[in-house]
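In this text, residue positions in the sequence shown follow my numbering: the first is 149, and each later residue adds one. Ideal placement from N, C-alpha and C gives every residue a C-beta, glycine not left out.
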Amino acid sequence: MYSNSLKIPFHFDDQIFIINNPTIRNLGDIGQIFKSLLPERSRFIAFYSFALNYHFYKLDVFGYHLTNLIIHIVSSLLVWRMALLLISAPLVKDDKVFKNKDLIAFFAALLFVSHPVQTQAVVYITQRFASLATLFYLLSVVLYLKARLIGENTKARLGYFIASGLAALMGMFTKEITITIPITIVLIEVLFFGSRSKNENFFIYLKSGKRWLYLLIFLAFFLIIPKLFHFTVVDQLFSPKQSNSHDGDIITFGRYVLTQFRVSVTFIKLLFVPVSQNVDYDFALSKSLLDPETMLSFMAFSLMFLAGIMLRKKNVLASFGILWFYATFLPNFVPRSDVIFEHKLYLISFGFCFLAATIVFKKFRSKRNGIILLCIIIFIYSVLTYQRNQIWRSEVSLWTDAAKKSPFKSRALNNLGFALLKQKKFDLAFQYFNKVIKYNPAFVRSYDNRGTVYHQWNKNDLALNDFNKAIELNPGFARAYYNRANVYRDEKKYDLAIQDYSKAIELQDNYTLAYNNRGNVYSFKSEYDLAVLDYNKVLELNPGFLRAYNNRGAVYIAIKQYDLALKDLNKVINLEPKRAKSYYNRSYIYRVKNQYKEALDDAIKAKELGQPISDEYIEELRNNVLGPE
């Protein structure tokens, strides 16, 4: 089902977190990676896994996808193990499903691994944040269950508890969703290790024995989260922010919470009927609890929660499957700019998979019929997963799908236009940027992207108008300064170009393209020392940026530092043997150094690769190789 996923290209935020992220390029300096991730330190482990991928695979997507797929498989194995342990708990051993525990665990894991809602967390590389955090979450709970199910006062039990805590800590430094682990542990204690006495008060039960410690752990998590993740609770919850999920919406805490009731219903629909999936939902904020859709969603949310509570005595496994949804959905009530994303279902979906497998084997009298039904469902899921992966095969196919499903959403239309722009389909891209500007005149990126199209068409006045508009709307938008600088560069207005490149760098200090292009302009102005400094900075940020080696080599030629130039050009040619300009430049160096045979070989190679070289130059080198007659 994921056989077609290993060559899916980078998408969306992969550009920020992987392709243009200098922090993942130095695997050995763990401390520097941690320091440089502010404010993303809470995701250090995921970023370090990207650094490992970059170390071994550079920007070859295969290694990143292979890692994500392994994480998904391991998570599925943990689903299997967790289901087995839950069914083995004291309050379940007498349940008639105990005899089918192996089948329930097996099919719960198969449902988890095959469900189409998992695709975003698996094939969208950046959402390793969600999948890896889920792995640690499940591992922590599995180890906790193992500790609770072995004998009292054993060293092994203490070891499992410590390992569970370490797994939770690893999860905390992968993604914040692991904050709910203490809630899940309390839930497990109440449902699987407590008493079913009808006369027992829930809160009295929690106070009994050592179980109050779980609540203290829960409280401790809340106390350390703001410190670890560098936010204040008040700012995170109550600071208004622009919604990325619907044009023009401003997120407030109240409206966001109301919206999440509708999100929960959408999630439940996707779990039961995984169709019409979308990478970028157009999801408006709820305005009031009295809105019919919001009210119905709130009622459904509340009734399902009550069902989970009421099922505790009758069907503890079903109760846990339902309440897992609520425990793991809780982080969604913390306001984010995007109110809905499918990868948030990755952790949540365990409850559904466990519940579905349990109900089938509990309700079906014939084990054979239950197996057949689940096999049919898993087959359908697998086909849908394969088909959904096909949507991710390119940026154009992904954003074409999103634009069809969110036809009035600026981000979806703009991203489709940008994908077409990268394929040099300028006419089509232009249409989408115009459409966005028509629907949403304040959408900055479409002005910037349309300006890029105008620049490609050599309509520089129109390009400058759009870049100026983008900067007017968002003076902190670095890319608009960079693109405007490119126009000034082409018009030989070098001082203006340097000014804008410098502004882009001021706003985004790891902007490798801006450093490189500013270096080029310094080179045009014969300010070679400044050019070399910029190329050095590019290579510090991204040692694999071959253009900077080539450009620095050209500067070294200009200042007659031929040995340094040769070193840079050799680096380029070794890593990219089809770069014609580098062969030509190296040929020139060999000619200056009177190494005519090497100069001739490089000149011929450069011409074969398409570099314009005069026949007279090649003939001159050939004559020098042959020597005087």
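- Restricted to the region 191 to 272, the alpha helix (DSSP H) segments that are unbroken, complete and at least 4 residues in length are 192 to 205, 209 to 235, 249 to 262, 267 to 271, listed in chain order.
- When K640, A633, G667, V669 are compared, the shortest CA-CA separation from A652 is found for A633.
- The DSSP assignment places no complete beta strand (DSSP E) segment of no fewer than 3 residues inside the region 411 to 462.
- The C-beta distance from T282 to D161 rounds to 18 Å, too long to meet the 8 Å contact threshold.
- Scanning its chain for C-beta atoms nearer than 8 Å, with the 5 sequence neighbours on each side dropped, one finds around Q571 the residues V544, in chain order.
- Within its own chain, the residues whose Cβ lies closer than 6 Å to the Cβ of L714, once the five positions on either side in sequence are excluded, are I737, listed in chain order.
- Leaving aside the five residues that flank L503 on each side, the residues in its chain whose CB is nearer than 7 Å to its CB run, in chain order, A466, G469, I470.
- In this structure the region 480 to 490 does not touch the region 219 to 232; the number of beta carbon pairs closer than 8 Å is below three.
- Of the candidates N248, I298, F277, T267, F277 places its Cα closest to the Cα of T326.
- The secondary-structure analysis by DSSP pairs Q390 across a beta bridge with I398.
- Counting only residues of its own chain and dropping the five nearest sequence neighbours on each side, F210 has a CB closer than 8 Å to the CB of L154, K155.
- By the neighbour-count definition (other C-beta atoms within 10 Å, threshold 16), D575 is an exposed residue.
- Between S558 and F512 a beta carbon distance of about 48 Å is seen, past the 8 Å cut, so the two are scored as non-contacting.
- Nearest to D677 by alpha-carbon distance, out of L451, E654, Q535, G701, is G701.
- For K617, the enclosing alpha helix (DSSP H) has its first and last residue at 608 to 621.
- Exclusion of the five residues before and after T322 leaves R191, I193, A194, F277, L280, A281, F284 as the residues of its chain whose Cβ lies within less than 7 Å of its Cβ.
- When the five nearest sequence neighbours on each side are left out, the beta carbons in the same chain lying within less than 7 Å of the beta carbon of Q604 are those of F574, in order along the chain.
- C-alpha of I752 to C-alpha of N606: approximately 33 Å in a straight line.
- If you check the CB distance, V227 and C523 do not come in under 8 Å.
- Counting of Cβ neighbours within 10 angstroms places F420 among the exposed residues, the total staying below 16.
- Contact check for M230 against L286 passes: the beta carbons are separated by less than 8 Å.
- For R695, the enclosing alpha helix (DSSP H) begins and ends at 694 to 706.
- Excluding residues up to 5 positions away in sequence, I235, I252, L465, T506, F509, K510 lie with their Cβ nearer than 8 Å to the Cβ of V245 in the same chain.
- Rounded to the nearest whole angstrom, the CA to CA distance from I167 to V686 is 14 Å.
- The residues A751, in chain order, have a CB closer than 6 Å to that of I766 in the same chain once the five nearest residues on each side in sequence are set aside.
- For a cut-off of 8 Å, the C-beta gap from V271 to H203 is around 22 Å, too long to register as a contact.
- Each of N668, R627, K673 was checked against the Cα of L655, and the nearest Cα belongs to R627.
- Non-local beta-carbon contacts of R734 in its own chain, meaning distances under 6 Å to residues more than five positions away in sequence, involve L717, D750 in chain order.
- Nearest C-alpha to T328 among K755, P479, L293, V427: P479.
- The C-beta distance from T533 to S262 rounds to 6 Å, short enough to meet the 8 Å contact threshold.
- A direct Cα-to-Cα measurement between N772 and D711 gives close to 22 Å.
- Q538: member of the alpha helix (DSSP H) spanning 515 to 539, first to last residue.
- In the structure shown, G299 adopts coil according to DSSP, grouped into three states.
- Judged by DSSP in its simplified three-state form, K685 adopts helix.
- Per the C-alpha coordinates, the member of K745, E639, F672, L233 positioned closest to A295 is L233.
- Between the region 386 to 402 and the region 452 to 465, the count of Cβ pairs shorter than 8 Å is below three; the stretches do not touch.
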